[in-house]
Amino acid sequence: MQELHDAPLAPLTTFRLGGPATRLVTATTDDEVIAAVREADAAGTPLLVIGGGSNLVIGDKGFDGTALVVATKGVTLDGTDLELAGGEVWTDAVAACVEAGLAGIECLAGIPGSAGATPIQNVGAYGQEVASTITEVVAYDRRSGETVTLSNEECAFSYRHSRFKADPERYVVLRVRFRLEDADGMSGPVRYAETARVLGVAPGERVPLATARDTVLKLRAGKGMVLDPEDHDTWSAGSFFTNPILDDETFAAFRTRVRERLGDGVEPPAYPAGDGLTKTSAAWLIDKAGFTKGYGSGPARISTKHTLALTNRGDATTEDLLALAREVVAGVRDAFGITLVNEPVMVGVGL
51 MQELHDAPLA PLTTFRLGGP ATRLVTATTD DEVIAAVREA DAAGTPLLVI GGGSNLVIGD
111 KGFDGTALVV ATKGVTLDGT DLELAGGEVW TDAVAACVEA GLAGIECLAG IPGSAGATPI
171 QNVGAYGQEV ASTITEVVAY DRRSGETVTL SNEECAFSYR HSRFKADPER YVVLRVRFRL
231 EDADGMSGPV RYAETARVLG VAPGERVPLA TARDTVLKLR AGKGMVLDPE DHDTWSAGSF
291 FTNPILDDET FAAFRTRVRE RLGDGVEPPA YPAGDGLTKT SAAWLIDKAG FTKGYGSGPA
351 RISTKHTLAL TNRGDATTED LLALAREVVA GVRDAFGITL VNEPVMVGVG L
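For the sequence shown, position 189 (counting from the first letter as 1) is numbered 239 according to our numbering, and the numbering increases by one without interruption.
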């Protein structure tokens, strides 16, 4: 287990932002992860768990406590059952499953970060989310001091949310177990309209696994959502805001605001999200509120490829990023009466 003091955290995040940690520990086994967590908890030291750093916004002052990098490795395939160590690189795991001919996570290709982070956020994109394939999550329960195994139901998954996100100080994910599908080399049913259109198939049809994966990677790259050190559009946390889910009354008021601002006949994106609920598009809201691709004149700007991504153009600070995020939130609220919610985890800062 490696230990450093006054260690920079910015290089451990995809934003490349944030100050140093008082103490930085890198753990390569589950036992080391548990030992580091127990040590911090016993001493009453604040703990920040870092996987791939793709969903973190760390304040410029850094983190006064122990930052724990989960660097565990391990991919185990047994038939259609997959187990991933928490520190396993997610994109590598997706590639391994596609190569093995197993469907269920191929449309999650190109998402940066670690496997252990996927259940926390209930990571999803292009018509798939991990809640559909996760069977169990093995985690260290800081409250009981024991390692526990939580079923899919016990994880309480919902849109970009889970039991782990609801109670962030309690669990440290160690391993994630999935049940995939052997569909004779074919993908899961294509559910996302954009993907189906590009593939030239109807929603619900299947395509070869590698075709689905490669198509998603091209779509993501076109939006700056595949990491590239040379491309500042990828110096981000991907989608900075979640898509709002509105009840019937709120959605009706929102439609009225849209017509008042954009004219009669203009309808906002609307997707069923459960009984009496409708999901709309954060990217659409941001664009129609006047924050177009490339918006901004400072070192933090909206991506030139996708309005949902806020980016570090190379020499931004976290405060630069937050100032832009607050401007977008205020602008969307003023235009449409909807308050956007950040998707990345904030460390020592907030909107």
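By construction, the Cβ of each residue, glycine as well, lies at the ideal position given by its N, Cα and C atoms.
Assigned secondary structure, residue i (DSSP; H/G/I helix, E/B strand, else coil)
| i | result |
| --- | --- |
| Ile-84 | helix |
| Pro-258 | strand |
| His-356 | coil |
| Thr-79 | coil |
| Lys-111 | coil |
| Val-198 | strand |
| Gly-174 | strand |
| Arg-376 | helix |
Span separating the alpha-carbon of residue i from that of residue j
| i | j | result |
| --- | --- | --- |
| Thr-265 | Thr-72 | 42 Å |
| Arg-363 | Gly-129 | 44 Å |
| Ser-289 | Thr-261 | 24 Å |
| Gly-315 | Ala-302 | 14 Å |
| Ala-373 | Asp-131 | 44 Å |
| Arg-307 | Asp-370 | 30 Å |
| Ser-182 | Leu-152 | 14 Å |
| Arg-227 | Gly-154 | 13 Å |
| Thr-342 | His-356 | 9 Å |
| Gly-344 | Asp-91 | 43 Å |
| Thr-95 | Val-399 | 18 Å |
Residue i vs residue j beta-carbon contact at 7 Å
| i | j | result |
| --- | --- | --- |
| Thr-361 | Gly-109 | no |
| Gly-101 | Val-120 | yes |
| Ser-286 | Ala-366 | no |
| Glu-186 | Ser-201 | yes |
| Gln-171 | Arg-225 | no |
| Thr-78 | Gly-103 | no |
| Asp-283 | Ser-331 | no |
| Ala-143 | Leu-158 | no |
| Leu-74 | Ala-60 | no |
Top-ranked residue by Cα proximity to residue i, from the options
| i | options | result |
| --- | --- | --- |
| Arg-229 | Ala-350, Cys-147 and Thr-79 | Cys-147 |
| Gly-195 | Gly-381, Ala-86 and Val-395 | Ala-86 |
| Val-257 | Pro-239, Gly-272 and Gly-274 | Pro-239 |
| Pro-394 | Asp-91, Val-173 and Ala-117 | Val-173 |
| Ile-184 | Arg-192, Gly-163, Ala-206 and Gly-398 | Ala-206 |
| Gly-381 | Arg-311, Ser-237 and Glu-203 | Arg-311 |
| Phe-304 | Gly-254, Leu-74, Arg-383 and Arg-376 | Arg-383 |
| Ala-93 | Glu-133, Thr-116 and Asp-80 | Thr-116 |
| Gly-324 | Ser-347, Gly-346, Asp-298 and Lys-338 | Asp-298 |
Those residues which DSSP pairs with residue i across a bridge
| i | result |
| --- | --- |
| Ser-237 | Answer is none; Ser-237 lacks a bridge partner. |
| Val-119 | Thr-76 and Ile-100 |
is_contact[residue i, chain D] using C-beta, thresh 7 Å
| i | result |
| --- | --- |
| Ala-373 | The displayed structure is made up of one protein chain only, and chain D is not part of it. |
Distance cut-off 6 Å: residue i Cβ against heavy atoms of the ligand PLP
| i | result |
| --- | --- |
| Asp-131 | With respect to the ligand PLP, the structure shown offers nothing to examine, as it has no ligands at all. |
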